[in-house]
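Take the numbering used here: the last position of the sequence shown gets the number 209, and nothing is skipped along the way.
Glycine included, C-beta positions come from ideal geometry on N, C-alpha and C.
Since the structure is predicted, the reported quantities are computational estimates derived from the model, not experimental observations.
A quick write-up on the structure given underneath.
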Amino acid sequence: QVHLVESGGGLVQPGGSLRLSCAASGFTFSRSAMRWYRQAPGKERELVAGISSAALYINYADSVKGRFTISRDDTKNTVYLQMNKLKLEDTAVYYCKAYEIDSWGQGTQVTVSS
């Protein structure tokens, strides 16, 4: 079955950086587009970034453009989210997801606070 395990979250000050990882198994990772989502308390889950197979296409939410970078390593079945210049409003639980598979991991908490 599909497994998605997010990691790398934590507490960071505004302006700081974190690198999230998502280890995937149970499907052909290299053929799958991958996405990062986030959900802040009291808000709906929102799409943060997406990357196609072979990283041919990448897109970002306007709120993170220029600060976040999505990447993938198909040899490790892992997708990453490098988050720089973090803001208070980036606080959320971050999830990864394969585009075509309706399965979610447990998420990783990112808290930006001074």
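Ile165 counts as buried, since no fewer than 16 other beta carbons sit within 10 angstroms of its beta carbon.
Excluding its 5 nearest sequence neighbours in each direction, Gly103 has C-beta neighbours in its own chain below 7 Å: Leu113, Arg114, Leu115, Ser116 and Thr203, listed in chain order. Boundaries of the beta strand (DSSP E) around Ile165: Phe163 to Asp168. A buried status is given to Tyr189, since no fewer than 16 other beta-carbon atoms sit within 10 Å of its beta-carbon. The DSSP-derived three-state label of Glu101 is strand. Between Ala193 and Met129, the beta carbon gap of about 6 Å places them in contact (Cβ cut-off 8 Å). Put simply, of His98, Ser120 and Leu106 the residue whose alpha carbon is nearest the alpha carbon of Asp169 is Ser120.
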